[in-house]
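Some notes on the structure that comes next.
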Amino acid sequence: MQDVKLDLSAAKVIAVRPNKKIYRLGNYCVKVFNNDFSKADVLNEALNQARVEETDLDIPKIIEVTKIDGKWAIITEFIEGPTLAELMEKEPEKEDEYMTRFINIQRRILNTKAPMLNKLVDKMQNKISATTLNATARYELHMRLSAIPRQEKICHGDFNPSNVICGTNGTDYVIDWAHVTRGAAEADVARTYLVFWLAGQLERAKKYLDMYCSMTDTAKQQVQKWLPIVAASQSVKGCPEERELLMHWINVVDYE
Numbered sequence: 076m077q078d079v080k081l082d083l084s085a086a087k088v089i090a091v092r093p094n095k096k097i098y099r100l101g102n103y104c105v106k107v108f109n110n111d112f113s114k115a116d117v118l119n120e121a122l123n124q125a126r127v128e129e130t131d132l133d134i135p136k137i138i139e140v141t142k143i144d145g146k147w148a149i150i151t152e153f154i155e156g157p158t159l160a161e162l163m164e165k166e167p168e169k170e171d172e173y174m175t176r177f178i179n180i181q182r183r184i185l186n187t188k189a190p191m192l193n194k195l196v197d198k199m200q201n202k203i204s205a206t207t208l209n210a211t212a213r214y215e216l217h218m219r220l221s222a223i224p225r226q227e228k229i230c231h232g233d234f235n236p237s238n239v240i241c242g243t244n245g246t247d248y249v250i251d252w253a254h255v256t257r258g259a260a261e262a263d264v265a266r267t268y269l270v271f272w273l274a275g276q277l278e279r280a281k282k283y284l285d286m287y288c289s290m291t292d293t294a295k296q297q298v299q300k301w302l303p304i305v306a307a308s309q310s311v312k313g314c315p316e317e318r319e320l321l322m323h324w325i326n327v328v329d330y331e
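Numbered continuously in the numbering used here, the sequence shown closes out at residue 331.
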């Protein structure tokens, strides 16, 4: 594949991550991956997003997967508007209103199916095996995961207010589908709870879980049983400080 000659010098950097940089170039969003990001991972991310595009969910459309200056890139539509995180920061008095909006968006995602997505359970089993936990703890987590009933919901994998763009056209768009799978709704809720918790937003994490469970008539225990599993999965690629915090949740103690 030949490199596309896009002039990113005229583009605006809108986000920088450890392994990627994201630009706005006119009506396009250009996500450029570092050289150490594998082709397989880039193509898998694009494929996952394309599969979600086939549903009725509101997400940016993929325009092209290409290489720019020797680096893999995914080009999508650019969605104009603030993120829900920005609105929460700007108008803290509307916290409950925005949290309700946030949860309703997540409920819509979780009520949608995309049968071609990879299975959450398979991903979690692989992640548990890749942790630095001892064999006894890994075994206990594998057994817990195997015992949980299977579901086929779309699980975003990193659903948080910064990944919701409140479009100027009145539509809320969800971005960053790199970690999407199909599986249990409660697993995705546990992941969102941990995102808030790891960011030091403990009160917001509690409010989110309380409101989600109330709005969906879900027992908190259904979410809480996923927390050690999701925390173990997240610890594989987390920074040292994050891994230390996640160990708080990987409390596999009910074995002899």
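Virtual Cβ for every residue (Gly too), placed ideally from N, Cα, C.
Computed from a prediction, not measured in an experiment: that's the story for all the values here.
Residues near residue i by beta carbon distance below 7 Å, same chain, minus five either side
| i | result |
| --- | --- |
| I180 | V239, D247 and V249 |
| Y330 | For Y330, the predicted structure reports a pLDDT of 38, less than 50, and the residue's modelled location is therefore unreliable. A value from the coordinates is still provided. Here the set comprises T211 and E215. |
| L273 | E317 and L320 |
| M163 | E170, Y173 and P236 |
| I178 | M286, Y287 and M290 |
| F206 | Checking the sequence shown, residue 206 turns out to be Thr, not Phe. Closer than 7 Å at Cβ, skipping near neighbours: R213, A307, S310 and V311. |
| K106 | K95, I97, A148 and I149 |
| K282 | M174 |
| C230 | L195, V255, T256, R257, G258, A262 and D263 |
Cβ shell of residue i (< 6 Å), same chain only, five flanking positions each side left out
| i | result |
| --- | --- |
| R266 | V305 |
| S308 | M199 and K202 |
| I325 | P303, A306 and A307 |
| G242 | I154, G156 and Y248 |
| M191 | R126 |
| K188 | E227 |
| D133 | T246 and Y248 |
Buried versus exposed, by CB contacts within 10 Å (16 or more), residue i
| i | result |
| --- | --- |
| P167 | exposed |
| R257 | buried |
| G232 | buried |
| M174 | buried |
| N209 | exposed |
| D263 | buried |
| E261 | buried |
| C314 | exposed |
| I154 | buried |
| S310 | buried |
| V91 | exposed |
| P135 | buried |
| D82 | exposed |
| L195 | buried |
| I184 | buried |
| A121 | buried |
| N123 | buried |
Enclosing alpha helix (DSSP H) for residue i [first to last residue]
| i | result |
| --- | --- |
| I203 | L195 to A205 |
| I178 | E170 to L185 |
| A189 | That residue, A189, is in no alpha helix (DSSP H); it is neither H nor E in DSSP. |
| V305 | L302 to S310 |
| R21 | Residue 21 lies beyond the range of the chain shown here (76 to 331); nothing can be said about it. |
| R213 | A210 to A222 |
Per DSSP, cross-strand counterpart(s) of residue i
| i | result |
| --- | --- |
| D247 | C241 |
| I97 | A90 and K106 |
Element boundaries [beta strand (DSSP E), containing residue i]
| i | result |
| --- | --- |
| R92 | K87 to R92 |
| I325 | It is not in any beta strand (DSSP E) - I325 carries neither H nor E in the DSSP assignment. |
| I229 | K228 to C230 |
Cβ shell of residue i (< 8 Å), same chain only, five flanking positions each side left out
| i | result |
| --- | --- |
| M76 | Interpretation of M76 is limited by its pLDDT of 46, a score under 50 that renders its predicted location unreliable; no figure is taken from the coordinates. |
| K300 | R219, I223 and E261 |
| A294 | C288 |
Proximity test, residue i beta-carbon vs the ligand ATP heavy atom, cut-off 7 Å
| i | result |
| --- | --- |
| L185 | No copy of the ligand ATP occurs in the structure displayed, which carries no ligand at all. |
Neighbour flag for residue i against chain D, beta carbons, 8 Å
| i | result |
| --- | --- |
| S237 | Here chain D cannot be found, since the structure has a single protein chain. |
Ignoring anything shorter than 4 residues or poking outside the region 99-166, list the alpha helix (DSSP H) runs there in chain order.
-> 114-128 and 159-165
Kindly provide the ranges of any alpha helix (DSSP H) runs that are 4 or more residues long and lie completely inside the region 246-299, ordered along the chain.
-> 260-273, 277-291 and 295-299
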